[in-house]
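Written out below as C-alpha cells is the structure these notes cover.
Structure follows, in C-alpha cells:
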C-alpha cells in the first residue's frame, strides 16, 4: 500500500478509509491481544488484591493523562497541515506530559494511601513513564494519519505490541507479579514512539510558538476538558469500588471491566482514529459526512456486538471453564459491563464526527453529565451490591450520554436517526443471538473443547445474521477491498 496524502475523491477516500480501518483495527487487536495474553497468564496465579494494586496504578496514570493531554493529535488533524503548529503540538505534548510524570512520582504515596492501596506506590511511579512516551506517540501518529499514512501508524502499534508482550511474559515467568502488567504499559508506547520517529524524524523538532499554542488551545481546550471528564467518568467507579468495597472487590470488578472494554478499544477507538481525518477532509462536502458517519456506526456496532454479546450471555460459564470459580464475583455484573462496553464504543464513534464538525463542546458536556450521574449513583449502588451496583451505575450514566451524543451527531451530520437505530438494533440482536447459541453449546459440551465450539458457534451465528441483515454492506466491502 502507498500512502496518498493527496487523495480527495470519494472513491479514493473510501479506499484510504478501508485500508486505514484494516491497519488501525489490526494494530489495536495486536495491542489488546498482547495485553490480554499477559493479563490472562497473570490471572491464573495473582490474587484479586494484586490485580487491584495494578488497577490503582492505571487509574492514576489515566487521570494524569486526562489532565495533561489537550487533544493535541485531534487538534492538528482538525486544523490542517502547518509545520510550526505541528512542531508546537509536539513541544506542548512533551512539556505537559513531563509535568504529569513529575506529579505522579511525587504524589504516588499520598494517592495510593487515599485509595487504600499502599502497595501500588512503586507501580504508580513506574507507569508514570508512559505519559511522555504515549502522548508524544499520539501526536506523531495523528500527523501521519492526517496524511492517511495508516500503514505506518498501524505497523508502529503492532511492533510495540509484540515487543511489549514478549517482555511482559518474560517478567511474568520471572515472578515479578503485577509489575509485568505495568511494565508492558510502558514498553509498548516506547517502541511505538521509536518507530514513528523513524518514520517521520522531522516531526521531532519540538517548538513552543505562542501563536500556534493559542491556535491549538482554541480547539484543544474542549478536548482537554472532555478528556478530563471522560477519564473521571471512566474511573470514578474504580475509585468508589476501592474505597467502599476494598482492593479485592476492585480487582474482581477491574477484571470484568477490562475484559468487556477490549472491543471498545480494538474497534471503537480504531474506527474513530481512521474516521476523524476522513471527516476532516469531507467538511467541504457536508452531504458526504452523514453517510460516512452511518458507516462508521455500523462497523462499530456490529464488530463490538460479536464479542460483547458472547460475554453478556455466555461469559460467566466461559470464565468458569478457564479459571474455575476464582472470578465468580464478577459473574452477575458481566452482562451489564458488556452493555456498557458496547455503548461506550458507539459513543466513541459519535465523538469523532462531533469533533470534526466543530462541536467538541458537545462531547465535553456528554462526559460532564455522565460523570455527574455516575457520581450520584455509585456510592449507594456499590453499598447495595458491590461490583454489580457499580456496573448498574455506569450503564445508566453511559446510556444517557450515548443517547444525547447520537442525537447531536445525527442532527449535525444529517444522518437518519431511524436508520442509525436500525443498525444499532440489528448489531445488538446479532451479538445476543451469538451469545445464546454459544451458551447452549457450553451447557452441552464441557471444558475447553466446549468453549472452543461455543466461540465458533457464536461467530457463525453472527455471520448468518450479518448476511441476513446487511447483505448490501457485505457487497460494498467486497468491492472496496477488491479495488484496493
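In the numbering used here, the protein residues as written are 8 to 491.
Where is the CB? At the ideal position from N, CA and C, for every residue including glycine.
Residue i and residue j closer than 7 angstroms at C-beta
| i | j | result |
| --- | --- | --- |
| residue 59 | residue 232 | no |
| residue 448 | residue 464 | yes |
| residue 172 | residue 44 | yes |
| residue 385 | residue 400 | yes |
| residue 398 | residue 326 | no |
| residue 213 | residue 101 | yes |
| residue 149 | residue 80 | yes |
| residue 236 | residue 374 | yes |
| residue 316 | residue 439 | yes |
| residue 307 | residue 328 | no |
| residue 249 | residue 122 | yes |
| residue 359 | residue 283 | yes |
| residue 340 | residue 442 | no |
| residue 73 | residue 238 | yes |
| residue 281 | residue 311 | no |
| residue 126 | residue 199 | no |
| residue 492 | residue 124 | The structure shown has nothing for residue 492, since the chain only spans 8 to 491. |
| residue 389 | residue 396 | yes |
| residue 160 | residue 296 | no |
| residue 255 | residue 363 | no |
| residue 206 | residue 137 | no |
| residue 141 | residue 196 | yes |
| residue 262 | residue 376 | no |
| residue 309 | residue 434 | yes |
| residue 147 | residue 215 | no |
| residue 109 | residue 128 | no |
| residue 227 | residue 57 | no |
| residue 345 | residue 188 | no |
Span of the alpha helix (DSSP H) around residue i
| i | result |
| --- | --- |
| residue 117 | 90 to 121 |
| residue 196 | 186 to 206 |
| residue 430 | 424 to 451 |
| residue 346 | 338 to 363 |
| residue 85 | 79 to 86 |
| residue 213 | Residue 213 -> no alpha helix (DSSP H), and no H or E assigned at all. |
| residue 138 | 137 to 153 |
| residue 134 | 128 to 134 |
| residue 469 | 454 to 476 |
| residue 76 | It is not in any alpha helix (DSSP H) - residue 76 carries neither H nor E in the DSSP assignment. |
| residue 288 | 277 to 289 |
| residue 158 | 157 to 180 |
CB contact below 7 angstroms: residue i versus chain C
| i | result |
| --- | --- |
| residue 241 | Judged by its chain identifiers, the structure shown contains no chain C, having just a single protein chain. |
Anticipated Cβ contact below 8 angstroms, residue i with residue j, distance rounded
| i | j | result |
| --- | --- | --- |
| residue 105 | residue 139 | 6 angstroms |
| residue 357 | residue 423 | Incorrect: roughly 14 angstroms between the Cβ atoms, too far for contact. |
| residue 220 | residue 355 | 27 angstroms between Cβ atoms; not a contact. |
| residue 153 | residue 83 | 7 angstroms |
| residue 378 | residue 369 | The Cβ separation is near 15 angstroms, so there is no contact. |
| residue 259 | residue 336 | 4 angstroms |
| residue 323 | residue 270 | Rounded, the Cβ-Cβ distance is 18 angstroms, inconsistent with contact. |
| residue 170 | residue 194 | 6 angstroms |
| residue 103 | residue 77 | 7 angstroms |
| residue 243 | residue 71 | Contact flag wrong, Cβ pair sits at about 15 angstroms. |
| residue 445 | residue 321 | 4 angstroms |
| residue 190 | residue 133 | 7 angstroms |
| residue 406 | residue 350 | 6 angstroms |
| residue 302 | residue 426 | Wrong, their Cβ atoms sit about 11 angstroms apart, outside the cutoff. |
| residue 493 | residue 229 | Past the edges of the chain, shown from 8 to 491, lies residue 493, and the structure says nothing about it. |
| residue 246 | residue 131 | In fact, because the Cβ distance is near 14 angstroms, the residues do not count as touching under 8 angstroms. |
| residue 480 | residue 409 | With a Cβ gap of about 22 angstroms, residue 480 and residue 409 do not count as contacting. |
| residue 460 | residue 452 | 6 angstroms |
| residue 91 | residue 223 | The pair is not a contact, with the Cβ atoms about 11 angstroms apart (cut-off 8 angstroms). |
(message) Please give the ranges of any alpha helix (DSSP H) in the segment 370 to 421, keeping only runs that are unbroken, at least 4 residues long and fully inside the region.
(response) 394 to 420
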